[in-house]
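Per the working numbering, the sequence shown starts with residue 615, numbered consecutively.
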Amino acid sequence: MSELLNCPKCNELFIKSQFRDTCEKCYKEEEKKYEEVYQFLRIRENRAASIERVVEVTGAEEKLIHKWVRKGRLQTAHFPNMGYPCDKCGRIIPKGKLCGQCTDELTQDLQRLSSEESFKDHKKRAQQSTYYSK
């Protein structure tokens, strides 16, 4: 659903949709920068360029490049050094929300929590059941 917001770049009012998160003027500027970045990366020698190199040559913001990779406009299969930061630690990743290390940590924490809960459950059941014999 659309909502009325201020543009995060120029503070102008605009209607946010699923396709745009900036006003029309800033969107056009982003598209112009995207074309510049894409044309730079299409050159065979530049396909393996790092994000820092792309920023240096094209003048595009690093956040914009991360946004385009996250949305799939710049595909990491074609440009292997492109990526965006992990939501937890900030390491550059090509897909997903978390890097492998953070995913493993989260999985271990969930398994530890599950085992603690099952231990508490087992202990509680053991205390509740009492057998009397003659």
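Backbone N, C-alpha and C fix where the C-beta goes; we use that ideal spot for every residue, glycine too.
Inset, instruction - Rounded to whole angstroms, what's the CA-CA distance from Tyr641 to Leu627? Just pull it up for me. - result: Here residue 641 corresponds to residue number 27 of the sequence shown, with the count starting at 1. Here residue 627 corresponds to residue number 13 of the sequence shown, with the count starting at 1. Each residue's alpha carbon lies about 13 Å from the other.
Inset, instruction - Report yes or no: do the segment 677-695 and the segment 712-732 share at least 3 C-beta pairs separated by less than 8 Å? - result: no
Inset, instruction - Starting from Phe633, follow the alpha helix (DSSP H) in both directions and report where the run begins and ends. - result: Looking up residue 633 in the sequence shown gives position 19. That residue, Phe633, is in no alpha helix (DSSP H); it is neither H nor E in DSSP.
Legend entry - Between the CA atoms of Glu731 and Gln653 - distance to the nearest angstrom: As a position in the sequence shown, residue 653 is number 39, starting the count at 1. As a position in the sequence shown, residue 731 is number 117, starting the count at 1. A direct Cα-Cα distance of roughly 54 Å separates Gln653 from Glu731.
Legend entry - Distance CB(Glu644)-CB(Lys630) smaller than 8 Å: Within the sequence shown, the letter at position 30 stands for residue 644. Within the sequence shown, the letter at position 16 stands for residue 630. Contact flag unset, no.
Inset, instruction - Please classify Gly697: is it buried, with 16 or more other beta-carbons within 10 angstroms of its beta-carbon, or exposed? - result: Taking the sequence shown and counting its residues from 1, the one referred to as residue 697 is at position 83. Gly697 comes out buried.
Inset, instruction - Within the same chain, show all residues whose beta-carbon is closer than 7 Å to that of Asn660, passing over the 5 residues directly before and after it, in chain order. - result: The count along the sequence shown starts at 1 and reaches residue 660 at position 46. Close CB contacts of Asn660 within its chain, under the 7 Å cut and outside five residues either way in sequence, are with Phe654 (chain order).
Inset, instruction - Using beta-carbon positions only, say whether Ala662 and Asn695 come within less than 8 Å of one another. - result: As a first step, residue 662 must be located in the sequence shown, where it is residue number 48. As a first step, residue 695 must be located in the sequence shown, where it is residue number 81. Contact flag set, yes.
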